[in-house]
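J.: Here it is, the structure in full.
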Amino acid sequence: MSVPSAAEVEHADWPTLQGMCRSLGLNPKGRSGVVRMRVLEHVRRRGRPESWRAGRDHMAALLTRLGFPDLAEDLWESAIRLDAPAPWVGLGQAQVAGGFLSEAAKSFDRAIQMGDTSALLNRAEALGAGGDYDQAIAACESYLASHPTDLRALAMKADFLARSGFKEEGARILLAAADSHPEFPFLHAGAGTEFLRAGRPEVALEAFGPTPRMEGGAIEGALNHGAALLLLGRTREAIDIFQQALEKAPERGEALNNLGVAYLQMDEPKLAASNLARAAKRVDSPRIRLNLAKVPKAPPRPRAKKPAARKKSNP
Amino acid sequence: MTLAPDTTERFLPSVDRLESAMHAARRAFERGDTDAALGQLGAVLKLKPEYDVAWILKGAVLQKAGDREGALDAFMQALRCNGDSKEGWMGLASVLHELGRLKEEAEAYDRLLAFDPRSFDAWIDKGSVLHELQDYAGAIRCYEEVLALRPEYAAAWNNKGAALLRLGHEADAARCFEEALQFDPDCVDAMANRTYLYEKQGYHGEAVLWADRALRIREAPGLWYAKGLAHLGLLESTLAIRSLDRALALDPTLKEATAALRRATAMRGKSDFYRGPYECFGTHLEGDPGCEECEIRPRCREVTP
């Protein structure tokens, strides 16, 4: 992209001027004299590059992350320009960090009005943090209207749905995200887990897919996959999954607990008790202790009879 | 006859020693070591007490060290040695300015201009001091002298505009600011003066436009206040509050800003227009292609004078 000369800008007609704005990434809106001045200023500054130094916007962004939202807010306010939405987004983030959620939503609104649609997601975050899930979901939907497969937006919408009580709807969004992003296999496990939380183990099982993945962080999903099988009464398959998981991660208390519960369903109290006891040693959880308490105690062994005293035979 | 060693030094100064001490004093001054500089200058003035350049340097060193009275004496000593020293008169005027002795400062410039009427620095500084003394007509004459010597000097155009503004010649002042910005598009003082002028004339849209440009270069509480007032005039209460808050953050004693902030806060419930990406809101121009396409044109037309 070539930068026009000052003379070209001075003599450009309106459509040419707008074309210059577009190619230079400048705001093309406004009275022609003001737009011309904007382009001229850009051309002038491009002509004499200055050495880099941290600007107000850089410092403000750093201050937000360092935990000084008040200072960041002041800096962002002084960095605000009418032709750039980014400072409004930065200001909103500082306001979120400072706990001023409704002010933050307004700042993000300004960025949105300037054409920065990604600020819709920032707005959704601020609204969600304030507990206004309906509006947060609406903001995500507005963003998804122009970016239908955006993973961040889909995940945020799913999360807000789940937090507002629509767990199954949230799970369905995650499932749709998993279908449109096969490069992220963990999304299937996430959707399955959400279905499980929504009390739909049969749908969860479909979401998990045919074989659970056991590597690295996927083990959580595998355990939930096993839990879904357990809830559906497919205990043997569940046990197989838990055992495979324990081979990979023998320290997982929840895997031991699930295996114990599965053995309990299989009427194997000894195996159930031993696994649950091991789980209770690893994780101090009331649920595990309750499961352990449910294991029927083995009936007491009959006391060994004392050998009767031999009667002396009468001589 | 044998002379005492110090007397020998005094009456038969070694040019080499004088120059090396002077050089050392200058280097010490440049690196901010005023004590070392004064030590070297003491040696120089012992060798050559009537050395005006050494007295001028001593004046500058003392001025930097905060000893204004000492600096004043040093510059006067320099001028006793050489009454035609331009640097001596400029230094003296500078100390007098710091001491708030503005009339004497103006006289110092006059003395300089009497033997060097083309001294551009003296004319512009004299204009500034006359402006401070509220002799705006005298200040304008000085700036005209500067502009006769250097017609492209943006600061002189700006200063002339500021003086004209004080005299109520708004149209002439506007032309001067235009010239200043033509020669130096980053002349922040001209931008600020333009903001004040437009705000005074009730052109709130133009005032916001120029205040924004000036504030991008340099912050000033007065400018934020003027911007806040202009936003108030355009019924943009949130933007007005933001600007006035900033003005008060920079200068909490700005009473006018506090009062304006109260007005803006009260207005917020009734009216709070948002201009979006239209930097030029309030500057509607009939027939302009940009204005024809504008989404907020009806509102802009309403608030444009």
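Quick note, the sequences are listed as chains A and B, same order.
Numbering of the first sequence is given in the working numbering, commencing with residue 11 and proceeding in unit increments.
Numbering of the second sequence is given in the working numbering, commencing with residue 30 and proceeding in unit increments.
Cβ atoms here follow ideal geometry from the backbone N, Cα and C, with glycine treated the same way.
Keep in mind that this is a model prediction, so the values were computed, not measured.
What's the C-alpha gap between A192 of chain B and V82 of chain B?
T.: Cα to Cα, A192 of chain B sits roughly 36 angstroms from V82 of chain B.
J.: Within 8 angstroms, do at least three Cβ pairs link the segment 210-225 of chain B to the segment 175-191 of chain B?
T.: Because the criterion of three Cβ pairs below 8 angstroms is met, the segment 175-191 of chain B and the segment 210-225 of chain B touch.
J.: If you compare alpha carbons, which of B:A66, B:R60 and B:A72 is closest to G47 of chain B?
T.: Residue identity differs from the one stated: residue 47 of chain B is Leu in this sequence, not Gly. Closest by alpha carbon: B:A72.
J.: In the structure shown, what three-state DSSP assignment does R91 of chain A receive?
T.: Strand at R91 of chain A.
J.: Please check if any C-beta of chain B sits within less than 9 angstroms of the C-beta of W24 of chain A.
T.: True, the Cβ-Cβ gap to chain B drops below 9 angstroms.
J.: Taking Cβ to Cβ, would you say D126 of chain A is nearer than 9 angstroms to V99 of chain A?
T.: The answer is yes: Cβ separation under 9 angstroms.
J.: At a CB distance below 9 angstroms, what residues from the segment 123-139 of chain A approach chain B? Give them in sequence order.
T.: Within the segment 123-139 of chain A, the residues whose Cβ lies closer than 9 angstroms to some Cβ of chain B are Q123, M124 and G125, listed in chain order.
J.: How would you call Q235 of chain A, buried or exposed, if buried means at least 16 neighbouring beta carbons within 10 angstroms?
T.: Strictly speaking, residue 235 of chain A in this sequence is His, with Gln absent from that position. So H235 of chain A counts as buried.
J.: List, in order along the chain, the chain B residues whose C-beta lies closer than 8 angstroms to that of S88 of chain A?
T.: In chain order: L244, E248 and R275.
J.: Please report the straight-line C-alpha distance between D294 of chain A and L266 of chain A, rounded to a whole angstrom.
T.: The straight-line gap from Cα to Cα measures roughly 13 angstroms.
J.: Identify the contact partners of G109 of chain A in chain B, using a Cβ-Cβ distance below 9 angstroms as the criterion.
T.: Going along chain B, no residue has its Cβ under 9 angstroms from G109 of chain A, so there is no contact; the nearest lies around 18 angstroms.
J.: Name the two residues that bound the continuous alpha helix (DSSP H) containing W24 of chain A.
T.: Here the alpha helix (DSSP H) through W24 of chain A covers W24 to L34.
J.: Quick one: which residues of the segment 17-44 of chain A get their C-beta closer than 8 angstroms to a C-beta of chain B? List them in chain order.
T.: So the list reads W24, N37, K39, G40, R41, S42, G43 and V44, given in the order they occur along the chain.
J.: Return the first residue and the last residue of the alpha helix (DSSP H) that C205 of chain B is part of.
T.: Note, C205 of chain B: alpha helix (DSSP H), E199 to F212.
J.: What is the rounded straight-line gap between the Cα of A272 of chain A and the Cα of I249 of chain A?
T.: C-alpha separation (whole angstroms): 6 angstroms.
J.: Indicate whether the contact test is met: 3 or more Cβ pairs, each with one atom in the segment 116-134 of chain B and one in the segment 166-178 of chain B, closer than 8 angstroms.
T.: These segments do not touch.
J.: Give the straight-line distance between the Cα atoms of K258 of chain A and R182 of chain A, rounded to the nearest whole angstrom.
T.: Answer to the nearest angstrom: the Cα atoms are 30 angstroms apart.
J.: Kindly say whether T36 of chain B, judged by its beta-carbon, lies nearer than 9 angstroms to any beta-carbon of chain A.
T.: With a pLDDT of only 44 at T36 of chain B, under the threshold of 50, the placement of this residue in the model should not be trusted; the figure read from the coordinates follows. No, its Cβ sits nowhere closer than 9 angstroms to a Cβ of chain A.
J.: Which class does A249 of chain B belong to by DSSP, given the choice of helix, strand or coil?
T.: Of the three classes helix, strand and coil, the one that applies to A249 of chain B here is coil, per DSSP.
J.: Given F149 of chain B, which residues of its chain have a CB within under 7 angstroms of its CB, disregarding the five upstream and five downstream residues?
T.: Cβ within range, chain order: V175, L178 and R179.
J.: Does V13 of chain A come within less than 9 angstroms of chain B when only Cβ atoms are used?
T.: By this cut-off, V13 of chain A is not an interface position.
J.: Is there a C-beta anywhere in chain A that falls below 9 angstroms from the one on R297 of chain B?
T.: Not an interface residue.
J.: Going by DSSP, what residue range makes up the alpha helix (DSSP H) through T245 of chain A?
T.: First-last of the alpha helix (DSSP H) with T245 of chain A: T245 to K258.
J.: Check each residue of the segment 298-309 of chain B: if its Cβ is closer than 8 angstroms to any Cβ of chain A, include it; give the result in chain order.
T.: Taking 8 angstroms as the Cβ-Cβ cut-off against chain A, the residues of the segment 298-309 of chain B that qualify are Y303, R304, G305, P306, Y307, E308 and C309.
J.: Any C-beta of chain A within less than 8 angstroms: which residues of the segment 228-240 of chain B qualify?
T.: Taking 8 angstroms as the Cβ-Cβ cut-off against chain A, the residues of the segment 228-240 of chain B that qualify are L238.
J.: Is the distance from the Cβ of K233 of chain B to the Cβ of L258 of chain B below 9 angstroms?
T.: For clarity, residue 233 of chain B is His in the given sequence; the question names Lys instead. Contact: yes.
J.: Taking any Cβ of chain A, which residues in the segment 255-285 of chain B have a Cβ under 7 angstroms from it, in chain order?
T.: Here the close residues are R271, R275 and A278.
J.: Can you find a C-beta in chain B that's less than 9 angstroms from the C-beta of D84 of chain A?
T.: With 9 angstroms as the cut-off, D84 of chain A counts as an interface residue toward chain B.
J.: Measuring only between beta-carbons, confirm whether D67 of chain A sits less than 9 angstroms from chain B.
T.: Judged by the 9 angstroms Cβ criterion, D67 of chain A is not in contact with chain B.
J.: Inspect the beta-carbon positions of L215 of chain A and A201 of chain A and report whether they are closer than 9 angstroms.
T.: Not a contact, by the Cβ cut-off of 9 angstroms.
J.: Just the Cα atoms here: how many angstroms apart are R32 of chain A and A64 of chain A?
T.: Taking the straight line joining both Cα atoms gives about 27 angstroms.
J.: Going along the segment 171-198 of chain A in order, which residues come within less than 9 angstroms of chain B, judged by CB to CB distance?
T.: Result list empty, no residue passes.
J.: Between P158 of chain A and A172 of chain A, what straight-line distance do the alpha-carbon atoms span, to the nearest angstrom?
T.: Rounded to the nearest angstrom, the two C-alpha atoms are 20 angstroms apart.
J.: What does the alpha-carbon distance come out to for the pair L81 of chain A and A148 of chain A?
T.: Near 31 angstroms, if we compare the C-alpha coordinates of A148 of chain A and L81 of chain A.
J.: Are the CB atoms of L91 of chain B and L76 of chain B nearer to each other than 9 angstroms?
T.: Not in contact: L91 of chain B and L76 of chain B (Cβ atoms no closer than 9 angstroms).
J.: Going by Cα to Cα distance, which pick from A:A136, A:K291, A:F196 and A:A70 is closest to G227 of chain A?
T.: Among A:A136, A:K291, A:F196 and A:A70, the Cα nearest to that of G227 of chain A is on A:F196.
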